[in-house]
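First the structure, in the form of structure tokens, and then the observations on it.
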Amino acid sequence: MGEIAIAALMDVLKLQNISASMMGALFGLFIGSTPGLTISLGMVLLLPLTFTLPPVTSFCLLLGLFSSGMTGGSISAILLNIPGTPSASATAIDGHEMAKKGRAGEALGTAITSSFFGGMFSLACLVLIAPTIAKVALKFGAPELFSLVLLGLTLICSFGQKSIIKGLISGVLGLIFMTVGLDPMVGLPRFTFGIVELQSGVSFLPVMIGLFAIPQILEGIVMGAEVIPEYRARLSGVLPRFRNILRLIKYKILGAVMGTAIGAIPGAGGPIAVFLSYDYAKKISKNKEEFGTGIPAGVAAPEAANNGMAGGAMIPMLTLGIPGDPITAILLGALMIQGLTPGPLLFQYNAQFVYSVFWAFFMANVLTLILAFSTIKLWVRILQVPKRVLLPIIGILCVIGSYALRNTFFDTATMLFFGLLGYFMKKYEFPVVPMLLAIVLGPALEQNLRMALIISQGNPSIFVTHPISLAFLIIAFFSFTGPLVKPLISGKLKTKNTSKS
Amino acid sequence: MKRFKNFIVIFLTVVLIFGATISGLAQDYPTKPINFLIPFGAGGSADIMGRTLANATKKYLGQPIVPINRPGAGGGIMYTALKNSKPDGYTVGWNSTSVLTATNIGNVPFTYQAFEHVCRIGYTAMPIAVRADSPWKSFNDLEDYARRNPGKIKVGNAGTGSATHLTAVIMEKKAGLQVIHVPLGAGRRVPSLLGGEVEVICVPLPEIAPQVKAGSARILAMPTEKRDPSFPDVPTFKEQGYDIVIELFRGISVPKGTPSNVLRILEDAFRKGSQDASFRRVAEENGFNIDFKGRIDFERYLAEQDKLIADGMKLGGLVE
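Heads up: the sequence lines are chains A and B, in that order.
Just so we're aligned, residue 1 is where the first sequence starts under the working numbering, counting upward by one.
Just so we're aligned, residue 502 is where the second sequence starts under the working numbering, counting upward by one.
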């Protein structure tokens, strides 16, 4: 086994493989940081290239893209408040606030090192305990997924902390929007008013771009761009100090564990992992109030999670031949084009190739770290562009990004609609994150709820007789009631303490 | 001076516009890149096969073929866009069985006859599969059990109204059984089968083939005309006494009203493209059987499949 691993390493260290990984990583940074260009699309564009490349070289190329695309998503999230990929949406919350305060370099540095940590952690899981994780991941059927998604939805409460009522209104509005489209169980149109485009529902990316990016442009128009405070971009303090790395380690571990675990469950989806890890980072932090105001911990946890998902999603792909998400589905296609059959037999017949994939993923993470770090100063310069120039550019990016996703201006209209909505929500202090959460999780919630009930033939006890589902429901219950009850309890404790003294 | 400049600008514009029109009229089709609409998202089987075919065919047309994903509404978005595009041969659609399912379920206000169908490129089998540790070794075993236990067996599919769902419905009705159809969605079919959530799935062959080879799943029957070349030991439904032939076909369609010389050129180019070595290799790896049908044969085939799908929808209670 040791010999095979070393032979695989030697193979990966060939010049052509290193340069393939480098090219993939460069392309990935571009794809990831450009809103609307998704990692899946980047992979599909590279796929024809791999037809003529040897298997290991093609995997170096594709994994380079995968890893750096995940990292690249944070760049536009932090600098421009436009998440480049859906998994970067939680990063924008604190990352962009940091950029506003002139700490863009530090935010990027944190994002990049956390991504690296998450990627490496998930790789370790992939190498050491992949079969075990895959076995557990298979236990996630409809009831388990329903309860997990429900847990994700309870975050609405904690993201609406300034006013729980406003948070709930925002979330419920999101759930209402999400009912538009084809009914997931019977396939008939709901609230589409005869418009075919509405049949695919309100798609997440245009909503995300609209809610995050458009309000700042509208504010610029309303206030007059000259009056808007410019970003203060500092180029120093980019490399996180060693002390800071250690201080953030618990958030990184939390994010990496959640990302890897949720990434390994087929059909759970990326955004739930990043939002859950953001929320749990807040729960384990001593300075909960500071989350959302621009602190590194709020960047570290979700960024570790989204790169953790990369390795996590590869677990069921390599061990069972089942893709964990759309991106690994393409990787699976790439494997098959190379004449390799994924699944348990891959380990038996092509052990060296499997080790090569591990090393290629390792190299992809390292190269992403190096590439992203060496270009931070370039990225941060974007903020030195005056706002009256920058804002129109962001506007153009929003239009192109929302169009490019499915090549339709309908999505651009959706983006503008939610942009306008987001502007008014911001003006009247309604939080936008609950709406985003509801739109991204709503479909999975409905689908798994109804699917579980089909499977149990209408018996709702299926949600509590399945132990994993029950566990999530209990956590969800406390997660939901926590923010409501906590002020009461801590209030009581305080009065107790004061009465004692 | 300024007036002269303006004159030059206007003159050049006029020349350009006329030049373009004249060259468009005088020269043969095609003179510019062709848009190739794909009804599903990036990375799926439709996408990979479509992009490879476009790439293999461009040299026979002498113009680039540009793949554009128009996913959504079970293909309905793409078919609507295709129907509304100019019938000049510069927009072609990469169709599939979805052109029949999306139109029959009534989510778009037209039928498959709203298009000119250029050719079928080939098809993928959608077999019925069970876990390897399942007691059912053949379709007859499954049938016996289902007959004795009506409403017990859960059969997973890609979504209500999808080709896999209809295949399962037709199987259920033709064999006179009663099963529970679970619309698992494309991504969760195989995990749900392996995890034990459903006992049976109807699934495109390439998705289940690796599991069969790894010894974790078994195929009971193929709803195809003849046995699949990659699984010559697995019998078809027909051999087991049931006339169930539904294939996940893929081909080329263009808007109604496309000139017949353009149709001929496209048919010829795509036939050559489908025989191109680069396409054949990817097809084989993806469990896609190349079986070209020209315009006339494809129309006849579509009429048969459309009737099957329509009947399946009625049997399944999806349409009145």
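For each residue, glycine too, the CB sits at the ideal point set by N, CA and C.
Item                                                                                                                                                                                          : Value
Of the choices A:A261, A:P266, A:G267, A:A413, whose alpha-carbon is the least far from that of A:L276?                                                                                       : A:A261
Taking the DSSP output, what are the residues bridged to B:R751?                                                                                                                              : B:S597, B:G623
By how many angstroms is the C-alpha of A:G255 removed from the C-alpha of A:L383?                                                                                                            : 28 Å
Given that A:M451 touches chain B, what residues does it touch there, using C-beta distances under 8 Å?                                                                                       : V683, P684, L685
Using a Cβ-Cβ cut-off of less than 8 Å, give me the residues of the stretch 433-447 of chain A that come near chain B, in sequence order.                                                     : Q447
Hey, does B:Q806 have any beta-carbon neighbour from chain A nearer than 9 Å?                                                                                                                 : no
So is A:T408 in contact with chain B if we call contact Cβ pairs under 9 Å?                                                                                                                   : yes
Taking B:V691 as the query, report the chain A residues whose CB atoms sit under 7 Å from its CB, ordered along the chain.                                                                    : I322
How about B:A710 and B:S693: are their beta carbons less than 9 Å apart?                                                                                                                      : no
Under the assumption that A:G95 contacts A:L62 (Cβ atoms under 8 Å), give the Cβ distance between them as a whole number of angstroms.                                                        : Going by Cβ atoms, the distance from A:G95 to A:L62 rounds to 27 Å, so no, they are not a contact pair.
So with Cβ pairs under 9 Å, would you call A:M185 a contact of chain B?                                                                                                                       : yes
Going along the chain, which residues of the stretch 39-54 of chain A sit with their C-beta nearer than 8 Å to a C-beta in chain B?                                                           : S40, L41, M43, V44, L47, P48, F51
Roughly how many whole angstroms lie between the Cα atoms of A:T414 and A:A310?                                                                                                               : 29 Å
Examine chain A for any beta-carbon lying closer than 9 Å to the beta-carbon of B:A722, and answer yes or no.                                                                                 : no
Consider the Cβ of A:T368: report whether some Cβ of chain B lies at a distance smaller than 9 Å.                                                                                             : no
Check the DSSP bridge columns for B:F537 and list the partner residues they point to.                                                                                                         : B:P568, B:V593
Look at A:A281 and A:G298 and say whether their C-beta atoms are less than 9 Å apart.                                                                                                         : yes
Between the C-alpha atoms of B:A547 and B:N536, what's the straight-line distance to the nearest angstrom?                                                                                    : 16 Å
Would the beta-carbon of A:A268 fall within 9 Å of that of A:S58?                                                                                                                             : no
Return the first residue and the last residue of the alpha helix (DSSP H) that B:K674 is part of.                                                                                             : 664-675
Tell me which residues share the same chain as B:A557 and place their Cβ nearer than 6 Å to its Cβ, disregarding the 5 neighbours each side in the sequence.                                  : G774, D777, S779, F780
Run through DSSP, which three-state label would B:L682 get?                                                                                                                                   : Here residue 682 of chain B turns out to be His, not Leu, going by the sequence shown. Strand at B:H682.
My assumption, with CB atoms under 8 Å, is that B:R751 sits in contact with B:E768. Please give the rounded CB distance.                                                                      : Wrong, their Cβ atoms sit about 15 Å apart, outside the cutoff.
Do A:A111 and A:I455 have their beta-carbon atoms positioned less than 9 Å apart in this structure?                                                                                           : no
Report back the beta-carbon spacing between B:V609 and A:I337 to the nearest angstrom; my notes put them in contact at under 8 Å.                                                             : With 8 Å as the limit, B:V609 and A:I337 do not qualify as a contact, their Cβ atoms being about 33 Å apart.
If you follow the beta strand (DSSP E) that B:F793 is in, where does it begin and where does it stop?                                                                                         : 790-794
Along the stretch 725-749 of chain B, where does the CB come closer than 8 Å to a CB of chain A? Name the residues.                                                                           : none
From this set, A:G294, A:L445, A:F116, A:A7, which residue's C-alpha is nearest A:G174's C-alpha?                                                                                             : A:L445
Return helix, strand or coil for B:R649, following the three-state DSSP convention.                                                                                                           : helix
Output, in sequence order along the chain, the residues in the stretch 650-675 of chain B whose CB is closer than 9 Å to any CB in chain A.                                                   : G652, K655, G660, T661, G662, S663, H666
Of all the options A:K252, A:I209, A:T328, which has the alpha carbon lying nearest to the alpha carbon of B:G688?                                                                            : A:T328
Please determine, among A:L80, A:L150, A:T91, the residue with the shortest C-alpha to C-alpha distance to A:A471.                                                                            : A:L150
Among A:G105, A:S33, A:L205, which residue has its Cα nearest to the Cα of A:S74?                                                                                                             : A:S33
Any chance the stretch 419-428 of chain A sits against the stretch 644-651 of chain B, with 3 or more Cβ pairs inside 8 Å?                                                                    : no
Within its chain, find whatever has a CB closer than 6 Å to the CB of B:A527; leave out the 5 residues flanking it on each side and keep chain order.                                         : Low local confidence applies: a pLDDT of 39 at B:A527 is under 50, so the model's placement there is unreliable, and no value is given.
Listed from N- to C-terminal order along the chain, which residues in the stretch 326-347 of chain A have their beta-carbon within a distance smaller than 7 Å of any beta-carbon of chain B? : P326, A329, I330, G333, M336, I337, G339, T341, P342, G343, P344, L345
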